[in-house]
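Residue -14 is where the sequence shown starts when you use the numbering used here, and the numbers rise one by one after that.
The beta-carbon is built from N, C-alpha and C at its ideal position, and this holds for glycine as well.
Small disclaimer: the values here were computed from a predicted structure and weren't measured.
Just below is one structure, and these are the notes that go with it.
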Amino acid sequence: MLLTRSTLTRKNIVELAIEAGCNCVASTYGVLASVSRRYAHRIPFLVKLNHNETLSYPNTYDQTLYASVEQAFNMGAVAVGATIYFGSEESRRQIEEISAAFERAHELGMVTVLWAYLRNSAFKKDGVDYHVSADLTGQANHLAATIGADIVKQKMAENNGGYKAINYGYTDDRVYSKLTSENPIDLVRYQLANCYMGRAGLINSGGAAGR
């Protein structure tokens, strides 16, 4: 269980995580650094290295690095996390940045977690939102594992056939006839299979931020 609710104070975020028996508390560098001397030895810290700043207009599907792996390590964190918006205009730069960060984290013995979300207006076709299709999210999971994510955080698959709908990329009919079905469990299994058959763990996230 990862506690990230931004409406709580910095101290309360960590204390609530401890009292709830959470196995980790995840937040930004500033939040965790401000309480690390008091709490880093009591519960594992996961520092989110990048996030949006919600001031630039119009908003873009981008994430900005606000902290380094070394900063997270020096405060006593055991893990780092990051978001990549796969399919967005900035995704290739994000992949390069986070791949390098995860390499350094593993050199220091830290765990790496990737929020591997899709962002592309073309993924909505004929009234269907394929941001949550098993095949497209499965590819995002594969890329997350490829750059060294120990745990992949992904939205739970709600449909399939994204590649066929957008008519782009590579897929195979057996993905839909042999490897998946319409059963939600099978769709999630396919997501997990793309995490190197579970060598990288999978966490299915909840709804949109703030809900």
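Per DSSP, which one or two residues make a beta bridge with residue i?
i	result
Ser118	Asn144
Lys(-4)	Beta-bridge pairing links Lys(-4) to no other residue.
Ile69	Ala101
Ser190	Lys140
Quick one: Cα of residue i to Cα of residue j, how far?
i	j	result
Asp171	Ser190	17 Å
Leu187	Lys163	22 Å
Glu167	Gly133	30 Å
Asp47	Thr68	9 Å
Ala90	Asn152	37 Å
Leu121	Tyr148	7 Å
Ser205	Thr49	With the chain represented from -14 up to 196, any question about residue 205 goes unanswered, as that position is not in the structure.
Gly72	Gly146	16 Å
Arg77	Leu103	13 Å
Thr165	Ile28	38 Å
Lys109	Ile83	26 Å
Asn44	Val63	32 Å
Quick one, which of the options has its alpha-carbon nearest residue i's?
i	options	result
Glu143	His26, Arg159, Ala130 and Tyr115	Tyr115
Ala25	Leu34, Ala57, Arg184 and Thr122	Ala57
Met60	Tyr181, Ala178 and Gly15	Gly15
Asn126	Asn179, Ala11 and Ala5	Asn179
Ala107	Ala130, Gly154 and Tyr161	Gly154
Lys33	Pro43, Cys9 and Lys140	Cys9
Thr118	Glu38, Glu75, Arg(-5) and Gln176	With the sequence shown as reference, residue 118 is identified as Ser, and Thr is not the correct amino acid for it. Of Glu38, Glu75, Arg(-5) and Gln176, the residue nearest in Cα terms is Gln176.
Please go through the same chain and pick out, in chain order, the residues whose beta-carbon is closer than 8 Å to the beta-carbon of residue i, but skip the five residues on each side of it.
i	result
Ile136	Val96, Thr97, Val98, Leu99, Ala185, Gly186, Leu187 and Ile188
His36	Thr13, Gln48, Thr49, Tyr51 and Thr68
Within the same chain, show all residues whose beta-carbon is closer than 6 Å to that of residue i, passing over the 5 residues directly before and after it, in chain order.
i	result
Ala129	Leu99, Ala101 and Val137
Ranges of the alpha helix (DSSP H) found wholly within the segment 121 to 187, counting only runs of at least 4: Listed in chain order, the complete alpha helix (DSSP H) runs (minimum 4 residues) inside the segment 121 to 187 are 147 to 151, 158 to 162 and 169 to 178.
Runs of beta strand (DSSP E) lying entirely within the segment 28 to 92, each at least 3 residues, in chain order: 30 to 33 and 64 to 71
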